[in-house]
Every structure is written in C-alpha cells, then in structure tokens.
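Working notes, beginning with the structure itself.
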Amino acid sequence: MTLKKRLLATTAAVLVATAGAVFADAHATHPVTGEALASDQTFTYRVGDESPSIDPGLVEDVDGAAVVRDLFEGLYNQDAAGNLVPGVALSHAVSDDGLIYTFTLRDNAMWSNGDTVTAGDFVYAWQRAASPALASPYSWYIELMSIENGAAVIAGDMEPSTLGVTAIDDTTLEVRLSQPLPYFPQMLTHGTTFPVHQATVEEFGNDWVLPENMVSNGAYVLTEFVPQERLVRERNPMYWDNDNTIIERVVKLVVPDENVALTRYLAGELDMTDVPAGQFPRLSAQYPDQAVSVPEACSYYYMFNLRDGASPEIQDPNVRKALSLAIDRDIIVNNVLAGGQKAAYTFTHWATAGFETPDIPMATMTQADRNAMAVELLTEAGYGSDNPLSIDLVYNTNDSHRSVAIAISQMWKQTLGVDTTLANQEWQTFLEARSNGDFEVARGGWCADYNEASTFLDLMQSESGYNDSRYVNAEVDALLAEAKTSANPQANYDRVEEFIAQDTPIIPIYHYAAVDMFAENLEGWPYENFEQTWYSKDLYKIAE
Amino acid sequence: MMLPNRAAVEGIAENMQLADVKGRSLWADARTRFLRNRAAVISLIMLCAVAGFALFGGLVAQYEGDFVNFSLIGSNAYLGVPSIETGHYFGTDSNGRDLFARTVQGTGISLMVGVVGALVAVIVGTLYGATAGYYGGRIDGIMMRIVDVLMSIPFMFVLILMLVIFGRSIFMLFLGIGLISWLDMARIARGQTLTIKNKEFVEVAVATGVRPIRIILRHIVPNLLGIVIVYATLLVPNMIIFESFISFLGLGVQEPATSLGALINEGSRTMQFGYYWQIAFPLFFFVITIFAFFFVGDGLRDALDPKDR
Amino acid sequence: MLSFVFRRLAVAVPTLLILVVLSFVLMYAAPGGPFNSERPLPPEVLANIEAKYGLDQPFWKQIVNYVSGVVTGFDFGPSFQYKDRSVNDVIAQGFPVTLTYGFWSFVVAVTVGVSLGVAAAIKQNSWVDYFAVGVSIGAQVLPNFVMAPLLLLVFTLWLGWLPGGGWNGGQWQFLIMPVIALSTSYMASIARITRSSMLEVLNTNFIRTARAKGLPMRRVIWKHAMKPTMLPVLSYLGPAFVGMITGSVIIDVFFSTGGIGQFFVNSAFNRDYSVIMGITILVGTLTILFNLLVDVLYAWIDPKIRY
Chain F
7 MTLKKRLLAT TAAVLVATAG AVFADAHATH PVTGEALASD QTFTYRVGDE
57 SPSIDPGLVE DVDGAAVVRD LFEGLYNQDA AGNLVPGVAL SHAVSDDGLI
107 YTFTLRDNAM WSNGDTVTAG DFVYAWQRAA SPALASPYSW YIELMSIENG
157 AAVIAGDMEP STLGVTAIDD TTLEVRLSQP LPYFPQMLTH GTTFPVHQAT
207 VEEFGNDWVL PENMVSNGAY VLTEFVPQER LVRERNPMYW DNDNTIIERV
257 VKLVVPDENV ALTRYLAGEL DMTDVPAGQF PRLSAQYPDQ AVSVPEACSY
307 YYMFNLRDGA SPEIQDPNVR KALSLAIDRD IIVNNVLAGG QKAAYTFTHW
357 ATAGFETPDI PMATMTQADR NAMAVELLTE AGYGSDNPLS IDLVYNTNDS
407 HRSVAIAISQ MWKQTLGVDT TLANQEWQTF LEARSNGDFE VARGGWCADY
457 NEASTFLDLM QSESGYNDSR YVNAEVDALL AEAKTSANPQ ANYDRVEEFI
507 AQDTPIIPIY HYAAVDMFAE NLEGWPYENF EQTWYSKDLY KIAE
Chain X
2 MMLPNRAAVE GIAENMQLAD VKGRSLWADA RTRFLRNRAA VISLIMLCAV
52 AGFALFGGLV AQYEGDFVNF SLIGSNAYLG VPSIETGHYF GTDSNGRDLF
102 ARTVQGTGIS LMVGVVGALV AVIVGTLYGA TAGYYGGRID GIMMRIVDVL
152 MSIPFMFVLI LMLVIFGRSI FMLFLGIGLI SWLDMARIAR GQTLTIKNKE
202 FVEVAVATGV RPIRIILRHI VPNLLGIVIV YATLLVPNMI IFESFISFLG
252 LGVQEPATSL GALINEGSRT MQFGYYWQIA FPLFFFVITI FAFFFVGDGL
302 RDALDPKDR
Chain G
14 MLSFVFRRLA VAVPTLLILV VLSFVLMYAA PGGPFNSERP LPPEVLANIE
64 AKYGLDQPFW KQIVNYVSGV VTGFDFGPSF QYKDRSVNDV IAQGFPVTLT
114 YGFWSFVVAV TVGVSLGVAA AIKQNSWVDY FAVGVSIGAQ VLPNFVMAPL
164 LLLVFTLWLG WLPGGGWNGG QWQFLIMPVI ALSTSYMASI ARITRSSMLE
214 VLNTNFIRTA RAKGLPMRRV IWKHAMKPTM LPVLSYLGPA FVGMITGSVI
264 IDVFFSTGGI GQFFVNSAFN RDYSVIMGIT ILVGTLTILF NLLVDVLYAW
314 IDPKIRY
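Quick note, the sequences are listed as chains F, X and G, same order. Using this note's numbering, you'd call the opening residue of the first sequence number 7 and step up by one each time. Using this note's numbering, you'd call the opening residue of the second sequence number 2 and step up by one each time. Using this note's numbering, you'd call the opening residue of the third sequence number 14 and step up by one each time.
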C-alpha cells in the first residue's frame, strides 16, 4: 500500500466508524415511515452456492447479481415496484430515430477511493464486458442491448474501442444502437452494464475483486470474501446517497442444504432463507409474518422430444394431450409443492406484465372430465391395458423435481395405465441429453429474461436455440414474428398458447412462486418486484 | 471408507494352514466355537430375519412400493403416520408412498449392494493376489506395484467422477465399490499364496503338469477360503455404509427403486418437521443389519482364529 | 530405511501421473462441459471463453500444458467456474479449513478410540467393556449425514449453544460439531481395532511373563503392551485419513465450512476441470505421503520389519 492509499483507507475506516456511530442515533427512526429502527442493522441471508463471479463484467447468476447491485451502481436502479429510478444517470434523451441515447450523469457519484465516477468509467466497463480478452459468459448481453458493433466486437472482428458508446464529457454518455430498442433503459439495471474502476482493474488483474483491492461505487463496499462460506459488504461512506442507507452490514452466507439453512434461520442466525418444498403451509401457520410467497417469473413444464427419429409413440398429438390432461396440477401445486405456486395451463407465467391468460378449454374442466378425456384419447390412439404405453421421463437431480416426477408418473399410471421409467440425471448430463434430443419426456423450467410474454413464447419458435422439443410450426413462427412489431400482441400470444394446448409440444405444469422466510423485523423488501431485484440499501430493520 | 483391518484378518490365514494337516476337523471346530459365541449367533439369526424381511416382507405389504397416495403427499405428509388400520405399517414417505413396502425394497437393495460389492472385491482380489503369489518373481513384482499405485489413488473421488460421468446405475456402483476394496484382499491373498505354493500338494500338481490356472483355481483358492469368508463378512456392512454415502450425494439408485441409504437420507431431511417415522424405520433396519454383520464377522474371525481368545 | 523412502517417493511420481491422466480422461468423457448452461451460449461467446482457457487446443496438448504448468510453476490454472479465482486460490482457501477440522477429528478419533479400546480390553467382559463396544458400534452405524443434522437440531436450534455453521476463521465454537460428526465413526473403528489387538497382546507370553514378575498392570500396559497393540491401529490410520478427507464433503454441506470437499463435489457437477484436477492431485499426494508416514512409523515401532 502506498502512503497515500493507506491514508485514504484510514480516513475511510474512521469515516465508517463515525458514520456508523452517528447514524445509529440519528436514524433511530426511519426517515420516511418514522418506524423505530433496530440498533443492529446487519442483514444476513442465505444462498445455496457460491456465485461464479462478482465482477460486474463477468457476473452471470442471480445471487452474484444481487451482490454486484450492492457493490456497484449502474445508470439506473429499480424501485420496489420495478420502475426505473436514477442511479449514476439522472436522465437521458433519445434521438428521434431511437438509435442514440444520451445520458446525463450526476456529478456527485464517487468511487470508494474518492475518485469521481465518470462517463469514461462506463465506456471502459462496457468495452471490457464485450471484449474477447475478458471472455465473459455474459458478453452476449451487450449484443442483446443492440449496441452498435456489439456483435462484431464479441466475435473479435472489431476492436472493443469501436463499440457504440462514447464519453462526450465526464457527465455525458452517448450510446448508439444498431436498431431501436424500446426497453433499452430497462436493461441498464443489469450488472453487466455497471461501471468498473479502470485503474484498479488494470493494476490487479483478476485479483481486483478481492476485498483489499476492490474499488466500487455502490452503496456498499466489499470487506470480506471467503468463497463457499461468506461474503460481507459494509456501508460505503463515499456513496452519494449514503445518508439514506440504513443497513450497515450485509452478510451473504453459503449454506448448501436448505433444511440446515432453515434450522439456522429458526435459531436466529439468518434474516432470510428459502422454504423447502412442501413446508410452506406448516411454516406459514406457525410464523404467519415470516413465511412469504410471491410470484416468480418462471414456468415449470415437461417437454416432449419431437425430433425425427425420436420414439414414435409420442409423435401422436393425442397421446401427448392425454398425458397432459391426466396430470392433476392442483395436487402438484397444493400438495407436493404447496408454496403458492399456480397450476399452469399456459406456458406464459400468469403474472407477466401486459399478459392476459387466454381461455384454454382444459383449464376450466374438472379433473374427472380431464381424466375421462385423457383415457378416451389414449384409447383412440390404440393404447390400453393390453397394449400399455411406456414413457421415459428424465429430470435433473433435485428433491422437488423428484417429488413432482414421482407424482406425475403415478398420475399417468393410475389414470392411464402408462408405465413411466424415471431417470434422474445430474445437471450437466441432463443438459447434454436434452439439447442432443436424447430423451422422450424431459423436465424444463424457464425464467423470464424480461417482463413480457415473448420471453416465454419465443421458445416455441422453430429456430430458437432453447426449443429443446424441436417443435416446428410455421403458423406459430409467423404469429411470433408479427408480435414483435405489433402494437397489441396479446391476440397473437393467445393463438400461440392455443397451439401449445392443442399440439402439446410441452406440458405446462405450474408457474413458480418464490417462497422465503423473512425475519419479522426486516422491512423494505420489494415483494412486488416480479424480477426480485432487491437492493440492500432499501432494506431496514425495525426495533422489536 | 473403512475396510476391515488387514492385520486382524491375516491371523486367520495362518491358522487355516493347519487345515491341510488336520483335514476337515478345523471347520467342525470353528463351527463349535462360533455357536458358543452368543452375540454372533444372535446376530446371525437377526441377519436371517432381516433377509427374510427383505424377501417376504412384500407379501405382507398392503401397497406397492411405488404407489402414491395423493392425499398423503407433501404438505399432508403428517397424515401418513404409521398405522395398522390404514395398512401403512411404517407410515408413508413424503411422496405419499407406503414406507413399509419401500423399506422392504430398500433393505433388499442395500443387502444386495453389500453382498455383491463384497463378492466383486473378494473374487477379484483373491484371483489377482493368488495369481501374483503363484507366479512370483517379476510378474509378482509388477502386479503388486500396480496395487501399490492404485492404493494411493483417492478412489472415492474417482468414483464420484465416474458416477457423475457415466450416469448412475447399479452396475456402476458395484464396479466402483469393487474397485475400491479389492486391493487389500489382493495383498492378503498373495501373502498366503506364497506359503501355500510350497506345500506338497501344489508341488505334486506342478510336477504332474497341471496348468497354472487350474492349480490356482483348484488348489490355492480353496485354501484361502477361510480368510476370504471372514474378510467378505466384514466388508459387507462397509459396502452398505458406502452405498448410503453415495445415495446422500444423490448418485444412488434410480427412483422408484430405493435403498436404505436413500430412505435414511430422505428421512433425515424431514425429521426436523416431526415426521420421525420416515427416518426411524429405515434407520432401524440399517443399524441392525450392520450390527449383525459386524458381530457375525467378528464371530467368524474368532472361530477361525482361536488364539485370539 | 532411507532407500525405502526414496523408492516409495519415486513410485509416487508415476502414480500421480496415472491419477492425472485418469482424471483427465474421465472428465473429458463426461457429458457436458464447464460452460454449458440451461441457456446455451452463443457460439462466438463460447469460442472466446474456450480460447481464454485453452480448451480449443487438442486433447494431448491440454494435458501437456497442464502437467508442465503444475511441474514448473506449481500452477494449477484458473478455475472455470469461479472466474475470479485460480485453482491455487481455491485450494489455499479451502484446504486449511479441511485440514484444521480434519486434524482435530483425527486427534479426537485416535485418542478417544484408543482409550476406549484399551479400557475395554483391560476390563474385558465388564460393564466398561460392554459400554465401550456399544458406544463404538453405535457410533459406527449412525451415518454422518444423519448425525450432522441431528447435532444441528440439538445444539443450535434446541439448546442454542453452538452456531449452526460457517467457519469464521476456525474459532472453536465453529469447530465442535464438524469434529464430532467427522470423528465418531473413525473413533469407533479405532476403538474396536485397539480392543481386539490389545486382547491379543495381553495373551502373549511376554506380557504374561511381565505380569508374573509382579510388574504393576499400568506399567505393563504402557511399557510393553502399548507398542504392539498400536500396529494394527497404525495400519488403519491411512484409510482413516483418506476417509476423513472424503468425509469432508458431508461436513462442508451441513456445516457450511467451505472446505475442499464442497469445492470438489461442486466442481465435479459443474465440470470445473481444473479444480477437480487440482484437488484430486492434492488428495492423491497427501494419501501417498500419509501412507508412507504410516509405513515409516510401523517400521519404527516394529523392529522386525525391514524395508
């Protein structure tokens, strides 16, 4: 450490200490709601596994993104409802053709070492994220943002410096897009677009994310990082909105086993943890203020393999439909999972913004009618007790996937006399089998990339890389293409959902819910945020 | 991974050498001594009972092991308490299936994994060791160096890799378990073979031109029998424990089949919610099986190696 | 003796090479790869990543590069999964943790196991004996993935005496449950081996002679019987040590200790080739060294053995 740096570090430490002492008193009540605040403002939460990276350029998982959102701040943040609020950027202007965005940055944003956050930091970070040298698994996000030359930079055909982002001056950032993208500003709350401190990254290389090296611009700074065990971040006194931060210290603990995590939560060691499948009713009866279930933007489904050369039985749409009808989704959501999930008859999650769940005939039938219809369809297709259908079902190793598979295989057996062979595959093997078409029926789960129905339905497109069923339907393709430019695509989405119900390339089973335990005194969690984008700086603990 | 300790087993072999001299009387002696060991006899009876449970328990079960009662699933699992009236003698598991039928099946599979795993280890180990010992010289040197090398490999790690890579199957489990545990057997068998091969009956066989393979199979291996039996008996419970660890990692047998290890693992996840029966019954069978094998193994060793007492 | 040690160390080199090649082949035979995910990466992104980690090179060249990196620079390469870290970082962080609770478990298993075994043998067929045998078999049959959550329920949730996991730099409160869960089954085995070995030794002529001469029992045990008793125990310590390293998987899962067990299992599932290799080599080396140490001790205790 150079002398200057040591001085800075000491100053920062003193500042933290004094700030902490001052705010413990000054903020004895919440500035807006007036609630009395707890003296200990430490938020401890559980994750199941270590994140691959907490470098904004490399971050790829949900837990890592939450850490990055605390440590760094991008152009915009989300509020509790998911709307954009200013971050480093105060506002932006869009050119008439929708291709040029000009952002005005605040002049009081600072790095944790006292440097000012400038437009140049964003330019550096974005060029870095796209560069083949960093080889970020999330570099495609830059391409998805349609930034000029993004694709060519990622492919290594053009220099990163040609990326369509320029610092006009320290507080003005210009971004040029290759095509108009109405939801471009919404994409800026993702970690990949967050700034990094160039001097630090260049000095320490890969090691710049270590607590002793990291310089960050978010509401918190990294103070301790022991992979697979804990990550601690503490209030950043240099943060421009530090006065309104209440939580002093955030501790992320890696607890691989969710039952152990629950034990530790109940022992008071955690402020937040996941509820194991099937335990929500019991916990919400016992701890009504703590067990919370909110919709989560994912759909759970089974897919059929419709490739040429896949087993012939399931190429008959009636067989597939019979299998779909015979699944009693109410039992799955109410008994097996019992965490506020909803039975699914459409692929698109019911809570997706702007999406009206269309009327699918199956959804309104009783299970007895569905079963009768299923038996009828399967008999027509030529299967019965003398010629039973047998199916292979693969799922990836996980307790709740297993429970669902067991229940469904028994529904098929008890209702239709279908013999199901269950195969539980470890994740990588499963992914490979699924993308190579080495299955008959496979479990699938899809989470929204953005809050609009096409994030789900685009999977049904013949050419989609995620269409592991290989469902090919020219009409669906046309409907989806038309929806992209349509002012009101709901009608198209209805038709696509009807096709899914009719052809049954996949069986929608349920729509996810996030089921968690939250400490009683923890407030400010953005339950309404469909994407579960949370910031520690918005949380606080009230006195008990 | 715990293997029966080699030094303890080696004593038996020394003793077994006497078998040639005294003929069959040693086996008779051993039987008498074994029958006098109360713990061992009771354990043997328990083992037979457990095996009987695994074989015929299915006849008593009121449900198939894979039949799901949808009203007792997941959040309603607390209704699946053990009861004679409902026919769920051991209650149901958290997926609404009859735990009695599943325990019967799990016990069977665990016993099979244990016995077959031990057999694989013992057969491979004995043949390998006997071959090395019989040929001696350079071949022996190379074969035993290979054993030394393999012993230094952390096979548990390799096994995890193998199960991850080739997908789980009972076959893979046997192979992996066998791989881990034949090395000790090979060393013991080789040591004994070195002494047996100088006996007259082997020399006669060599002189009359009997082929080496035949000599190994006909003359040497039968004389290793005592040590092999003891080693195998002590190996079985270790195999069962080992399988339970594999099940814990989620790499055990495929649903709807199950093993005691898998059942215990599921039960241990729900015990904090008060579904005590889901762990109690499988754990009971697991514990008595292993107890019994240990005592029978100890009894056999003592019976075949009288100097211990 | 010295030449024996050298010979053994010389064999260690090809052994490790075999281990490296075996693991390498197994990994490459595995379906999937370190950069597969539910959403397949665009080909150009994947190409960038593979180029960065040298995975675009032919198989043999990867092995050669890897081995030369390890031999020349002690460099185990970057982790494919934890992109902010190198394998050296992962091991430097996880291994001391595993070693710490492994060491204490080892100490507990050996001291408690040997004491129980000796006590049982001296007081054969008394209540001490039955108690010791009962405890040791009981401890051996309770799988540690049952023991661990049970300990958590009792000491963390019900009694509130101990923290439910984490490492915190290895403070003693965080060590207790991992050590109990890891050591019991080894303690049990050691107790059983010690007991039968001690019984055998006590029946030998030289001990009988010593006792006939009127030497006090305590002195006979310590001076004469202990050394030969420890021989079979020693030969068990090698497998016990390897078992503890393997058992660290369970400890890390239940007590969130962040040792190499957790890293290993995660890497196997994520196909983080370099971390798997690093940990396998580390554990292989340790196994070799430990077995060697046991053999040397063996020779030291038993003068009959000559290498």
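Even glycine gets a Cβ: it sits at the ideal position worked out from N, Cα and C. Given the structure is predicted, the values throughout are model-derived calculations rather than measurements.
Could you check what DSSP says for residue i in three-state terms: helix, strand or coil?
i, result
"Y286 of chain G", "helix"
"T35 of chain F", "strand"
"W174 of chain G", "coil"
"S305 of chain F", "strand"
"T491 of chain F", "helix"
"A439 of chain F", "helix"
"F524 of chain F", "strand"
"L140 of chain F", "coil"
Along the alpha helix (DSSP H) that carries residue i, what are the first and last residues, could you check?
i, result
"K258 of chain F", "Not the alpha helix (DSSP H): K258 of chain F falls in the beta strand (DSSP E), residues R255 to V260."
"I412 of chain F", "D405 to M417"
"V2 of chain G", "Because chain G in this structure spans residues 14 to 320, residue 2 of chain G falls outside the shown range and cannot be described."
"M243 of chain G", "M239 to F268"
"N101 of chain G", "V100 to I135"
"L179 of chain F", "Element bounds for L179 of chain F: not the alpha helix (DSSP H) but the beta strand (DSSP E), T178 to R182."
"T290 of chain X", "W278 to L305"
"Y533 of chain F", "Looking at the DSSP string, Y533 of chain F is not in any alpha helix (DSSP H), and its letter there is neither H nor E."
"D149 of chain X", "G138 to M152"
"I214 of chain X", "P213 to I216"
Buried or exposed, going by whether 16 or more other CB atoms sit within 10 Å of the CB of residue i?
i, result
"Q137 of chain G", "exposed"
"T271 of chain X", "buried"
"W185 of chain G", "exposed"
"V38 of chain G", "exposed"
"A208 of chain X", "exposed"
"R221 of chain G", "exposed"
"D76 of chain F", "buried"
"Q63 of chain X", "exposed"
"K490 of chain F", "exposed"
Starting from residue i and walking both ways along the beta strand (DSSP E), at which residues does that stretch end?
i, result
"S101 of chain F", "No beta strand (DSSP E) holds S101 of chain F; DSSP gives it neither H nor E."
"I174 of chain F", "V171 to D175"
"I74 of chain X", "No beta strand (DSSP E) contains I74 of chain X, which DSSP labels as neither H nor E."
"M278 of chain F", "M278 to D280"
"F109 of chain F", "I106 to L111"
"A448 of chain F", "V447 to C453"
"D639 of chain F", "Shown here, chain F extends from 7 to 550; a query on residue 639 of chain F therefore has no answer."
Would residue i and residue j be called neighbours here (beta carbons separated by less than 8 angstroms)?
i, j, result
"E71 of chain F", "M278 of chain F", "Checking the sequence shown, residue 71 of chain F turns out to be Ala, not Glu. Contact flag unset, no."
"I263 of chain G", "T270 of chain G", "no"
"G54 of chain F", "E264 of chain F", "yes"
"G300 of chain X", "A52 of chain X", "no"
"E57 of chain G", "I160 of chain F", "yes"
"F168 of chain G", "I273 of chain G", "no"
"G160 of chain X", "V159 of chain G", "A quick correction: the sequence has Leu, not Gly, at residue 160 of chain X. Cβ distance not < 8 angstroms, so L160 of chain X and V159 of chain G don't count as in contact."
"Y130 of chain F", "V202 of chain F", "yes"
"L312 of chain F", "R476 of chain F", "yes"
Does any heavy atom of the ligand HEM sit closer than 7 angstroms to the C-beta of residue i?
i, result
"D334 of chain F", "Absence of the ligand HEM is noted for the structure shown, with no ligands found whatsoever."
Pull out every residue of the region 118-139 of chain F whose Cβ sits closer than 8 angstroms to any Cβ of chain G, in chain order. So the close ones are P138 and A139.
Relative to chain X, which residues along the region 146-159 of chain G have a C-beta separation below 7 angstroms, given in chain order? Result list: I150, V154, P156, F158 and V159.
Any C-beta of chain G within less than 9 angstroms: which residues of the region 254-273 of chain X qualify? Listed by position along the chain: G262, I265, N266, G268, S269, R270, M272 and Q273.
Contact residues within the region 406-419 of chain F, judged by C-beta distance below 9 angstroms to chain X: Answer in chain order: R408, S409, A411, I412, A413, S415, Q416, M417 and K419.
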